[in-house]
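**Student:**
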Amino acid sequence: MKQFKKVLALVLAAVLAVVTFAGCGAKSSNKLLMATNASFPPYEFKGDSGEIEGIDAEIAAAIAAKLGKELEIVDTEFGSIIGGVQSGKYDMGMAGMTVNEERKQSVNFSDTYAIGVQSIIVPEGSDIQTADDLEGKQIGVQQDTTGHIYAEDDYGQENVTPYKTGNDAVQALVSGKVDAVIIDNEPAKSYIAVNAGLKILDTAYAEEEYAICVAKENTELLDQINTALAELKADGTVDNIIAKYIPA
Ligand code: GLN
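4 is the number of the first residue of the sequence shown in the working numbering; add one for each residue after it.
#1: Could you tell me the distance, in whole angstroms, from the CA atom of Ser31 to the CA atom of Ala68?
#2: Which of the three DSSP states is assigned to Gln146 in this structure?
#3: Which term fits Gln227, buried or exposed, when burial requires 16 or more other beta carbons within 10 angstroms of its beta carbon?
#4: Should the stretch 39 to 51 be regarded as contacting the stretch 103 to 115, the criterion being three or more beta carbon pairs within less than 8 Å?
#5: In this structure, does DSSP put Asn198 in helix, strand or coil?
#6: Just to confirm my understanding: we take Thr206, look at its own chain, exclude 5 residues before and 5 after, and list those with CB closer than 8 Å. What are they?
#7: Given a cut-off of 7 Å, decide if Lys219 and Asn111 are closer than it, judged by their beta-carbon atoms.
#8: Is Thr79 near ligand 1, with its Cβ less than 6 Å from a heavy atom?
#9: Compare the beta carbon distance of Gly150 and Gln108 with 7 Å and say whether it is the shorter of the two.
#10: Does the Cβ of Asn40 lie closer than 6 Å to at least one heavy atom of ligand 1?
#11: So, are the CB atoms of Gly96 and Cys216 less than 7 Å apart?
#12: Please name the residue, chosen from Val144, Glu211, Asp114 and Leu137, that lies closest to Tyr158 on a Cα-to-Cα basis.
#13: Would you mind sorting Ser52 into buried or exposed? The rule is 16 or more other CB atoms within 10 Å of its CB.
#14: Say yes only if the C-beta of Met95 is nearer than 6 Å to one or more non-hydrogen atoms of ligand 1, and no if none qualify.
#15: Taking Tyr213 and Ile185 to be in contact with their CB atoms under 8 Å, please state how far apart those CB atoms are, rounded to whole angstroms.
#16: Give me, in chain order, the residues of the same chain whose beta-carbon lies closer than 6 Å to that of Ala191; leave out the 5 immediate sequence neighbours on both sides.
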């Protein structure tokens with residue numbers, strides 16, 4: 004009997020070791036792969052070290068920690084985030100991404116974590132004073148963004164030039180290739196802070212909500228993200244992260 008117990012103990016120990024080992028293996032590949040476009044300060048931008056920093060990066064890190072996953076952020080064009088999430092190339096997209104009906108056809112969105120407002124940037128001294136004055140002017144936008152969609156709807160495709168990044172659109176404004184840029188308000192503030200001679204018009208062009216996108220079939224991850232977000236909102240983490248980058 005004693006002998007039997009000893010054997011049983013050994014077998015149990017061996018089984019436990021295998022289970023533990025398998026568990027470890029799964030955990031080390033337990034990544035949360037996030038796609039973003041790191042040209043959208045203060046939500047995502049490349050810091051001095053070349054690492055992607057910002058509000059989205061920090062909220063994503065807090066969500067990943069709650070999920071027991073390791074966050075990896077991939078920088079890609081804004082317009083390829085949704086397709087990549089849909090095809091399973093990325094687990095989620097987080098890029099100051101506005102929730103809209105068209106995108107909802109392709110992906111699911113988490114609960115909202117921030118508000119965005121579309122702003123109009125013009126050179127100081129420009130004769131453009133309101134959104135109405137944009138009629139017939141050349142407008143620069145970041146390709147595939149809501150600013151791009153609204154600008155074409157309101158002012159005609161022939162008056163809108165899409166650029167790969169928000170920064171490219173702003174540089175086109177600085178060099179006089181376009182008369183105005185329509186872009187989300189916080190990136191707009193970041194861009195005029197580092198480009199002399201530009202200002203933001205005092206008219207909010209459109210209000211929107213930002214959320215994380217996940218593949219339609221990945222409802223388990225969506226639920227996990229929403230639960231984590233709710234906790235991070237309730238304990239003040241989300242507010243603190245936003246306040247760190249957007250001083251009141
Ligand atoms: N909020 C805008 C959109 O979702 C812009 C996002 C971005 O450029 N990263 O289209």
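The C-beta atom is built at its ideal place from N, Cα and C for all residues, glycine as well.
**Tutor:** Well, looking at it:
#1: Here the question's residue 31 lines up with position 28 in the sequence shown. Here the question's residue 68 lines up with position 65 in the sequence shown. Confidence at Ser31 is low in this model, with a pLDDT of 41, below 50, so its placement is unreliable and no value can be given for it.
#2: Sequence index remark: in the sequence shown, residue 146 carries index 143 (1-based). The three-state secondary structure of Gln146, taken from DSSP, is coil.
#3: Along the sequence shown, read from residue 1 onward, the residue named residue 227 stands at position 224. Gln227 should be labelled buried.
#4: Too few Cβ pairs lie closer than 8 Å, so no.
#5: Numbered from 1 along the sequence shown, position 195 holds the residue referred to as residue 198. Reduced to three states, the DSSP call for Asn198 is coil.
#6: In the sequence shown, residue 206 corresponds to position 203, counting from 1. Only Ile123, Thr133 and Ala134 meet the Cβ criterion.
#7: As a position in the sequence shown, residue 111 is number 108, starting the count at 1. As a position in the sequence shown, residue 219 is number 216, starting the count at 1. Lys219 is positioned such that its CB atom lies closer than 7 Å to that of Asn111.
#8: Numbered from its first residue, the sequence shown carries residue 79 at position 76. Taking 6 Å as the cut-off, the C-beta of Thr79 does not count as close to any heavy atom of ligand 1.
#9: To locate residue 150, count along the sequence shown from 1; it is residue 147. To locate residue 108, count along the sequence shown from 1; it is residue 105. The answer is no: Cβ separation not under 7 Å.
#10: Position 37 of the sequence shown, counted from the start, is the residue given in the question as residue 40. At least one heavy atom of ligand 1 is nearer than 6 Å to the Cβ of Asn40, so yes.
#11: The residue you call residue 96 lines up with position 93 of the sequence shown. The residue you call residue 216 lines up with position 213 of the sequence shown. Yes. Within cutoff.
#12: Taking the first residue of the sequence shown as position 1, residue 158 is located at position 155. Looking at the Cα atoms, Leu137 is the closest of the given residues.
#13: As a first step, residue 52 must be located in the sequence shown, where it is residue number 49. Here Ser52 is exposed, its C-beta having fewer than 16 other C-beta atoms within 10 Å.
#14: Counted from its first residue, the sequence shown places residue 95 at position 92. For Met95, the shortest C-beta to heavy atom distance toward ligand 1 is 6 Å or greater.
#15: Translated into the one-based positions of the sequence shown, residue 213 becomes position 210. Translated into the one-based positions of the sequence shown, residue 185 becomes position 182. Their Cβ separation, rounded to whole angstroms, is 17 Å, which puts Tyr213 and Ile185 out of contact at 8 Å.
#16: Reading the sequence shown from its first residue, position 188 is the one you call residue 191. Answer for Ala191: Ser122, Ile124 and Ile203, listed in chain order.
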